[in-house]
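> There's a structure below that I have some questions on.
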Amino acid sequence: MNPLAALGARSLGVLRSFGHAFFFFIDLIRAMPDAFRRFNLVVVQIHAIGNLSLLIILASGLAVGFVLALQLYYALVTYGASESLGLIVNLSLVRELGPVVTGLLFAGRAGTSLTAEIGLMKAGEQLAAMEMMAIDPKSRVLAPRFLAGVVSMPILAILFSAIGILGAYVVAVVLIGVDAGNFWSIMQSRVDVWRDVANGIVKSAVFGVICTFVALYQGHETEATPEGVAYATTRTVVISSLAVLGMDFILTALMFSTP
Amino acid sequence: MNKRGTETLVGLFVLLGMLGLLFLALKAANLGSFGGGDGYTLTAKFDNIGSLKVRAPVRSAGVTVGRVSSITLDPKSYQGVVQLEINKSVQFPKDSSARILTAGLLGDQYIGLEPGGDEKNLASGDTIGQTQSAVVLESLISQFLFNKAADAGTTAPAPAPAAGAKK
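From first to last, the protein sequence lines stand for chains B and L. In case it helps, this note's numbering puts the first sequence at residues 7 to 265. In case it helps, this note's numbering puts the second sequence at residues 14 to 180.
The structure is reproduced here in structure tokens:
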């Protein structure tokens, strides 16, 4: 009976945490107007989340572009189709790799710092102190961070894709000697702004909502101990990454199922 | 950092994002493909356009001189009407002909323009008179088989000499 009870308790706990997260999300959305009203708080957070993540995003995008171009060149040159390299790099970056890799990096770079910050605020009872002063911490602390994350993530994903394509250009055209005109013209004739680029941006916005929400929730619900904050930070990365990968599959199936 | 500095940096970040989006839309996707203005339009009618697509290149002597801007069906003659957007710097004689060709064995289809000998040039809105349709593989094969069958029919009454001729 005991293992059975443990199983039941565990399932109920999972369900309860889902419900709890959902109501937390509703509260966060409700607090959004306050974030717009105090937009200078959002600006400070965009600086912390967006600007400071820029370097790692650009470096990773460039590296991904380099490597994709190099590997695709070796694979495609056997079929005499090395000019299509730009197209394949472009589509894979804009549709998949840009949003997903940016989402994973975002969870690691910005999500963890959000969780640790909120978690320490809670551990130091700063959030409780704000409530004592009749200031809602959701609208003063959480909502600006949420909005900043949702705004920053698509910009970072766009820059990741753009710098990746430039990286592929450097490797393919400048170093290997693929024809520059073909490199761009095949891209321009096959990549559609709405179908490919816009859908990629929608994806990255969804990932921005997921990653920022998970980070804020984990920080807000952490146990008020050093171990609790450490554990919450780890969970932020694990849950955000899995959610991004799972959601990416669903979004891809919805967006690109018709050829 | 003071407030003004943070705002400037965030402004830069957002501006960088917009530039990236502009790059993706104009340079790396199909939005920047010169919509009009720097070209003139010609029309060509084909019995069969094969798998020709909008934005396929128009080439003369292998040099890309324009793009296919639209493909429609003429409801009266049931021909495919193809609008060609040709670069302004290139002029073609009035009796030029258009053919639908294939790049490589299985590549994309494009339109090949063969210049004629007329002294007058095609102007915007003109129709190219001589056209040659795309080669459809199925009809090519069936024609080949039909010819083979016809050959076999004519040689069937005297198989012995044919077999002898082969040796």
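Even for Gly, the Cβ is constructed at its ideal location relative to N, Cα and C. None of the values given here were measured: they were computed from a predicted structure.
#1: Would you kindly work out how many angstroms separate the C-alpha atoms of L/Lys58 and L/Leu135, rounded to a whole number?
#2: Listing by chain order, which chain L residues have their CB less than 9 Å from the CB of B/Gly56?
#3: Taking the runs of the alpha helix (DSSP H) that are 4 residues or longer, which of them lie wholly in the region 90 to 120 of chain B?
#4: Do you know whose CA, among B/Gly252, B/Phe262, B/Arg151, B/Ala249, lies nearest B/Ala204's CA?
#5: Output, in chain order, the set of chain L residues within a Cβ distance shorter than 7 Å of B/Met159.
#6: Taking the alpha carbon of B/Ser145 as the reference point, which residue from B/Gly252, B/Leu222, B/Ser59 has its own alpha carbon closest?
#7: Are the CB atoms of L/Val78 and L/Asn100 within a distance shorter than 8 Å?
#8: I need the DSSP call for L/Tyr123, collapsed to helix, strand or coil.
#9: Quick check: is the beta carbon of B/Val49 nearer than 8 Å to any beta carbon in chain L?
#10: Do you know offhand how far B/Arg241's Cα is from B/Gln224's?
#11: Below 8 Å, can you find three or more Cβ-Cβ pairs linking the region 230 to 250 of chain B to the region 28 to 39 of chain L?
#12: Establish whether the CB of L/Thr115 and some CB of chain B are separated by less than 8 Å.
#13: For B/Phe219 and B/Met159, which I take to be in contact (beta-carbon distance under 8 Å), what is that distance rounded to the nearest angstrom?
#14: Got a sec? Which residues, its chain only, sit under 8 Å from B/Thr118 by beta carbon, not counting five neighbours each side?
#15: Would L/Val94 pass as a contact of L/Asp87 if the rule is Cβ separation under 8 Å?
#16: Count the other C-beta atoms from every protein chain shown that fall within 10 angstroms of the C-beta of B/Arg151, then say buried if there are 16 or more, exposed otherwise.
#17: Give me, in chain order, the residues of the same chain whose beta-carbon lies closer than 7 Å to that of B/Val107; leave out the 5 immediate sequence neighbours on both sides.
#18: If we ignore side chains and look at the alpha-carbon of each, how far apart do B/Glu123 and B/Val235 end up?
#19: Leaving out five residues before and five after B/Val179 in sequence, what residues of the same chain have Cβ atoms less than 8 Å from its Cβ?
#20: For L/Phe105, name the three-state secondary structure that DSSP assigns.
#21: When you compare each of L/Gly75, L/Ser90, L/Gln96, L/Gly30 to L/Ser83 by their alpha carbons, which one comes out closest?
#22: What three-state label does DSSP hand B/Phe72 in the structure shown?
#23: Assuming the contact rule is C-beta atoms closer than 8 Å, B/Leu162 and B/Ser59 should be a hit. Round their C-beta distance to whole Å, please.
#24: I'd like to know whether the C-beta of B/Leu60 is nearer than 8 Å to at least one C-beta of chain L.
#25: Buried or exposed: where does B/Pro143 fall if 16 or more other Cβ atoms within 10 Å of its Cβ makes it buried?
#26: Under the DSSP definition of a beta bridge, which residues are partnered with L/Ile141?
#27: State yes or no: is the C-beta of L/Val23 within less than 8 Å of the C-beta of B/Ile52?
#28: In the DSSP output, which residue or residues are listed as bridge partners for L/Gly93?
The answer reads as follows:
#1: 15 Å
#2: Val23, Phe26, Val27, Gly30
#3: 91 to 97, 104 to 112
#4: B/Phe262
#5: Simply none; closest approach about 10 Å.
#6: B/Leu222
#7: yes
#8: strand
#9: yes
#10: 7 Å
#11: no
#12: no
#13: That pair is no contact at about 11 Å.
#14: Ala221, Thr239, Thr242, Val243
#15: yes
#16: buried
#17: Ser66, Val70, Phe166
#18: 9 Å
#19: Asp185, Ala186, Phe189
#20: coil
#21: L/Gln96
#22: helix
#23: 6 Å
#24: yes
#25: buried
#26: L/Ala57
#27: yes
#28: L/Phe59, L/Leu86
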